[in-house]
Amino acid sequence: MLSKLFVFLFLFFFINGNAQSYKRLHQKAIVVDAHNDVLISILDGLNIENDLTGKTHSDINRFKRGGVDVQIFSIWSDERYGTGKGFNYANRQIDSLYSITGRNPDKMMIVKTPADLKEAVKQKKLGVMMGLEGGHMIEDNLQYLDSLHKRGVSYMTLTWNNSTSWASSAADETSPQPSPSGEGADSAKQKGLTTFGKNVVRRMNELGMLVDLSHVGEKTFWDAIAITAKPVIVSHSCVYALCPHRRNLKDDQIKAVGKNRGVIHLNFYSGFLDSNYASRKQIFDKSHASELDSLKKLNRQDFEIDFWMARKYPAQVQTLRPPLSLLLDHLDHIVKLIGIDHVGLGSDFDGIESSPQQLDDVGDLPNITKALLERGYNKKEIKKILGGNFLRIFKANQP
Ligand SMILES: [Zn+2]
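For the sequence shown, the residue numbers in our numbering are -1 to 397.
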């Protein structure tokens, strides 16, 4: 009887102790998420100062619960915001981020430099950083690039799904048809970086703005990696060998990022992690075909429709989600190829309609630390993954 009690007590304290230690480790580490799209919802009228559980993946309180020290907010637009509109639209998003931060000086601060980042961590405030997702928003103008950098944009994703006049996207490079409309229409035939595109990369290097190679086509990837003088960021992509999607990196690209001393931040999107997700999703879509058709007639974007359906059919959508372990498989793959110094997190929360189980929203990030410990990663390695690696390339990019 006594021995049974002893075993029970041992297990109780062992399990409890472990739970404490992963939470403590997560709390102690500098946690950086390299990509979050919640700003789009803000422009749509939602306020992240409120509890938006059930509506978005993120709000100020859930960043706190997730132990996020630094969030890089995506300044995003699609091809509809090209010449004459893109720069202005980017600035409107930055304005709204500044005003939220200004209203919450006890909780948030703008981070433009590694010193700012350290200060935010010290003051236990959410470090607010920005990444421009789509080079079309600089409207082929290097002065606009300088101006956005001055306002605090720390990285630029050279393209979104649409190509610019100077860089081809993964979507366009892999599609037999050029972009149907917008800036990319003429340029999709041109693959890789143009002379101006190379000047953009050089200017980013001079400014200390990180070159983001998520979303770009392979030709652009290789052109950029050949001329960049600084380590690159891949802000939200996964491993092609495990899930062959045009948004993911092939092994030779992963090795090139390792050689460049860059960091690949893993995207949490089920469709980039799980090669079977698309077929499960297809079955789901088929069973709701008429509803989807009527949503499409409202001229909604695919991702907007996906969000809508995820909110309407949460139980069904739940069964489409892969296990958290799959995210760790992608991480292991990169670590085996190029080592622990080149991997991080770029959730893409609020830009994706499906994420792995146990990662419902940004508040669940500590579950990753728990899973990393269970996989056998040590504390030092986990701190690198959670943010240390980003901090290194952020410093290395400074002029
Ligand atoms: Zn994206």
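Glycine included, C-beta positions come from ideal geometry on N, C-alpha and C.
Counting other Cβ atoms within 10 Å of its Cβ, Ala113 stays below 16 and is therefore classed as exposed.
Per DSSP, the unbroken beta strand (DSSP E) holding Leu264 starts and ends at Val261 to Leu264.
Per DSSP, Glu77 lies in no beta strand (DSSP E) and is assigned neither H nor E.
Taken atom to atom, the span from the alpha-carbon of Pro312 to that of Leu290 is near 16 Å. Judged by DSSP in its simplified three-state form, Tyr153 adopts strand. For Met128, DSSP records a beta bridge to Phe71 and Val151.
The stretch 352 to 367 and the stretch 55 to 66 touch, with no fewer than 3 CB-CB distances between them shorter than 8 Å.
With respect to Val126, Gly385 sits apart: the two C-beta atoms are not nearer than 7 Å. With respect to the 7 Å criterion, His234 and Asn265 are classified as neighbours on the basis of their beta carbons. Under the criterion of beta carbons closer than 8 Å, Asp35 and Ser72 qualify as touching, at roughly 5 Å. Put simply, the stretch 291 to 301 does not touch the stretch 247 to 254. Fewer than three CB pairs are less than 8 Å apart. When the beta-carbon positions are compared, Ser212 and Val232 come within less than 7 Å of each other. Between Ser75 and Met128, the C-beta gap is not smaller than 7 Å, which leaves the two residues out of contact. Rounded to whole angstroms, the separation of the alpha carbons of Ser352 and Asp346 is 10 Å.
When the alpha-carbon of Asn45 is set against those of Lys116, Ser94 and Asp358, the nearest one is in Ser94. In the structure shown, the three-state DSSP call for Ile281 is helix. Every beta strand (DSSP E) stretch that sits fully inside the stretch 210 to 236 and reaches 3 residues is listed by chain position as 231 to 235.
DSSP places Asn102 outside both helix and strand once states are collapsed to three, so it counts as coil. The alpha helix (DSSP H) runs of length 4 or more contained entirely in the stretch 301 to 355 are, from start to end of the chain, 312 to 316 and 323 to 336.
For a cut-off of 8 Å, the C-beta gap from Ile262 to Ile332 is around 6 Å, short enough to register as a contact.
Exposed is the label assigned to Phe194, since fewer than 16 other Cβ atoms lie within 10 Å of its Cβ.
Between the C-alpha atoms of Gly190 and Ala169 there is a straight-line separation of about 13 Å.
The continuous alpha helix (DSSP H) containing Asn197 extends over residues Thr193 to Leu205. Ranked by how close their Cα comes to the Cα of Lys123, the residues Val230, Ala276, Glu379 and Gln69 have Gln69 in first place.
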